[in-house]
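S.K.:
Chains as they are written, first to last, in the working numbering: chain X, 7 to 206; chain P, 7 to 261.
(1) Would you mind reading off the limits of the beta strand (DSSP E) that contains residue 113 (chain X)?
(2) Taking 8 Å as the threshold, find out whether the region 172-192 of chain X comes into contact with the region 83-93 of chain X through three or more Cβ pairs.
(3) For chain X, is any of its Cβ atoms less than 8 Å away from the one on residue 202 (chain P)?
(4) Nearest CA to the CA of residue 48 (chain X): which residue from X:164, X:18, X:149?
(5) For residue 172 (chain P), I'd like the list of residues in its chain whose CB is within less than 6 Å of its CB, leaving aside the five on either flank, ordered along the chain.
(6) Show which residues of chain X have a CB atom less than 7 Å away from the CB atom of residue 81 (chain P).
(7) If the criterion is Cβ atoms closer than 8 Å, does the pair residue 268 (chain P) and residue 99 (chain P) meet it?
(8) Would you be able to state if there are at least three C-beta pairs under 8 Å between the region 49-62 of chain P and the region 83-101 of chain P?
(9) Determine the DSSP secondary structure at residue 125 (chain P), reduced to helix, strand or coil.
(10) Residues of chain X with CB closer than 7 Å to the CB of residue 129 (chain P), please, in chain order.
(11) My guess is that residue 118 (chain X) and residue 168 (chain X) are in contact by the Cβ rule of under 8 Å, so how many angstroms apart are they, rounded?
(12) Which first and last residues belong to the beta strand (DSSP E) in which residue 143 (chain P) is found?
(13) Would you kindly report the start and end of the unbroken alpha helix (DSSP H) that includes residue 150 (chain X)?
(14) Which bits of chain P does residue 194 (chain X) rub up against, with CB to CB less than 7 Å?
(15) Between which two residues does the beta strand (DSSP E) containing residue 132 (chain P) stretch?
(16) Tell me where the alpha helix (DSSP H) around residue 193 (chain X) begins and ends.
(17) Could you tell me whether the Cβ of residue 60 (chain X) comes closer than 8 Å to any Cβ of chain P?
(18) Would you list the residues sitting across from residue 160 (chain X) in a DSSP beta bridge?
(19) Are any of the Cβ atoms in chain X nearer than 8 Å to that of residue 102 (chain P)?
(20) Against residue 90 (chain P), what residues of chain X qualify as contacts under a CB-to-CB distance less than 9 Å, listed in chain order?
(21) Of the residues X:196, X:165, X:61, which one's Cα is nearest the Cα of residue 114 (chain X)?
(22) Short of 8 Å in beta carbon distance, which residues of its chain neighbour residue 55 (chain X), apart from the five on each side in sequence? Order them along the chain.
(23) For the putative contact between residue 191 (chain X) and residue 226 (chain P), defined by C-beta atoms under 8 Å, what is the C-beta separation to the nearest angstrom?
(24) For residue 276 (chain P), report the span of its beta strand (DSSP E) as first-last.
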């Protein structure tokens, strides 16, 4: 079972449709106990970090996600879901995150338009099975105002928007994507296919 | 580097894509999903659908195309037309659109922008402005470009962003359908005053028009309808030419 964590964030349906397109059947899970039966867990999310984290805490997802990660099976965070994987965020004060990848989430402080919205190109920083179907220079679709600050050893790919913005991060079986693979055309499709193949 | 976006615009009436010139002479063209899929395959970066269905009741049915597009396409898309309430915005986003465009509804009730941005985030709320230059001034028009509101277009753009619009679509009515190029002067004025993405609309006739827009402004998105519908311009060719002129665009990387 491929679980999409259902905690009332906006883009669940969009993420689910993305996986539908690569023939991966997903289940919306609102009961944390059901993560035990999952082969892969998807953490979606759009909106504000504190609201999302509060919802995860209230619904009892935090220990369930940690237990799942300890099984070694893949956890994929997408957009805000990726930011939640880190230690904390400065969005509206300081909020602790899931601490599954060391690092913090901070506001994009650049002399460019905010949010960082549109198609930007990826630079692959290290070889990884998660990106074996994409190459440096390919474009994916971003919409965000905050970004992760983390050790380069966790950055698989980044993009440039005034600063280096981590785009794909990984700590063992925990993977995050700052952009929206489900909205990133053919490149996004290939990334979702890769996830599908990682689960088998 | 962030790419400039090529955005085909599709007017939808009763669930079908239609196209007129200067807001008139409407003719039937195509199915929203079929045309959207074609554009996506040709390299469109985003799509905009304006529902121009006349009655609110009929529009509820017409908007069923939004769910079809969301299911079939995997690039972002925006839906507008007749959006007057927070419920309208909610309906469109729930059907799967990434963004909602407000126009006359926001002129009648500017708080609609604040409410939409607060509920769903600025990135979802696009303020679309129909602008007509008269006697050296830029005015905001409404109701599909039929009525002069008397509002100053530049000030309305600034106010819209202050209220929470995350993107602006600036449609020059003087230039729309004329195929003589974009309204560079107006677009420069707007981009110098706001810090959100600006989409240029109205006037595209040739690839050179897009290159001129790219070289003379830092507009983020280039919107056009008829030149793409009738294949006057092929999107893949357009992006190649923009790239040759050092305007950043999303191109396929050959494996």
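Just so you know, even glycine gets a beta-carbon here, dropped at the ideal spot from N, CA and C.
M.R.: In short, the structure shows the following:
(1) Note, residue 113 (chain X): beta strand (DSSP E), 110-113.
(2) yes
(3) yes
(4) X:18
(5) 128, 129, 131, 202
(6) 189, 191
(7) Lying outside 7 to 261, the shown extent of chain P, residue 268 (chain P) is not represented and no answer is given.
(8) yes
(9) helix
(10) Taking a Cβ-Cβ cut-off of 7 Å, the neighbours of residue 129 (chain P) in chain X comprise 121, 123, 149, given in sequence order.
(11) 5 Å
(12) It spans 143-148 - the beta strand (DSSP E) in which residue 143 (chain P) sits, taken as one unbroken run.
(13) That residue, residue 150 (chain X), is in no alpha helix (DSSP H); its beta strand (DSSP E) goes 145-150.
(14) 80
(15) First-last of the beta strand (DSSP E) with residue 132 (chain P): 131-140.
(16) Counting along the chain, the unbroken alpha helix (DSSP H) around residue 193 (chain X) starts and ends at 191-205.
(17) So no, residue 60 (chain X) is outside the interface.
(18) Its beta-bridge partners do not exist; DSSP assigns none.
(19) yes
(20) Those do not exist, as residue 90 (chain P) stays about 21 Å from chain X at its closest Cβ, beyond 9 Å.
(21) X:165
(22) Cβ neighbours of residue 55 (chain X) beyond the five flanking positions: 86, 89, 90, 95, 97, 98, 101, 103, 111, 152.
(23) With a Cβ gap of about 18 Å, residue 191 (chain X) and residue 226 (chain P) do not count as contacting.
(24) This structure does not reach residue 276 (chain P), given that chain P is present from 7 up to 261, and the question cannot be answered.
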